[in-house]
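Here is the structure we will look at.
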Amino acid sequence: VATESGVDRSKSIKSHLLQLFNRQPPQPSTPNQTAAAAAAASTPSGSHRGGGGWAGLGPPSEGTDMVHACYGGTAALLAAAAWVESRRWDGRLAMVVAADVALYAPGSAARPTGGCGAVALLVGPSAPLVLDPLWYGSHSEHAYDFYKPLGDLPYPTVDGRLTLSQYLGAAGACAAA
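Following full-length UniProt numbering from start to finish, the sequence shown increments by one per residue and tops out at 177.
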């Protein structure tokens, strides 16, 4: 999960999303499925059994929220792709969710844009989106273009012109890499 801000500056958005997954094991329809369901039910609730499988609490999940303005979604996608390409990959697809959950102050010109963008991606082999390492570049630098000063929480301070300048500068640095 990637975003520029946490929902409540404490609990991860990922933990909220896990509620969307089925929490009940499927009902068996054949004797073989009944035996498999009994074996799954004997696994401690919420634990991941070796070799796949999940007992009752939705899919096994790893990862964390990546909170880093516009780069959070890219970082989450690259981390998911690296996991799929690693020796630790166990055949499951990775899911990347990137969302804008910013809340802007009432009357702010940015208020209508806050929280209006989200995407969910499944990452695995043979995907239609190919991440070519030859076309990869990264650039980051510190700037106060979007931040939340403690006195103004929960609303950010935004300098749109500086954001645009930072974005163009980063794109140029990546292209030059």
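For glycine and all other residues, C-beta sits at the position ideal for the given N, C-alpha and C.
The DSSP assignment places 94 to 99 as complete runs of the beta strand (DSSP E) inside the stretch 55 to 107, in order along the chain (cut-off: 3 residues). Rounded to the nearest whole angstrom, the CA to CA distance from lysine 148 to histidine 142 is 14 Å. In this structure, the CA atom of alanine 177 is about 33 Å from the CA atom of alanine 110. In summary, threonine 3 is buried, with 16 or more beta-carbon neighbours lying within 10 Å of its beta-carbon over all protein chains present. Per DSSP, reduced to three states, the secondary structure at tyrosine 167 is helical. C-alpha of glutamine 19 to C-alpha of leucine 150: approximately 31 Å in a straight line. Taking a cut-off of 8 Å for Cβ pairs, the stretch 90 to 108 and the stretch 159 to 167 do not touch, as fewer than three such pairs fall below it. Comparing alpha carbon positions, the residue from Pro154, Ala82, Pro125 and Leu134 closest to glycine 63 is Ala82.
Straight through space, the alpha carbons of valine 158 and glycine 72 are spaced by roughly 18 Å. The beta carbon of aspartate 145 lies closer than 6 Å to those of Asp159, Leu162, Thr163 and Gln166 in the same chain, with the five residues before and after it left out. Ranked by Cα distance from proline 112, the first of Leu121, Ser61, Gly137 and Asp100 is Asp100.
In the displayed model, alanine 110 falls within coil according to three-state DSSP, outside both helix and strand.
Separation of the CB atoms of valine 123 and alanine 80 is rounded to 4 Å, and the pair is thereby assigned contact status at 8 Å. Under DSSP, tyrosine 147 shares a beta bridge with Thr157.
For valine 1 against lysine 11, the beta-carbon gap comes to about 12 Å, at or over 8 Å, which does not count as contact. Straight-line spacing of the CA atoms in proline 133 and serine 140 works out to 18 Å. According to the DSSP assignment, leucine 129 belongs to no alpha helix (DSSP H), since it is labelled neither H nor E.
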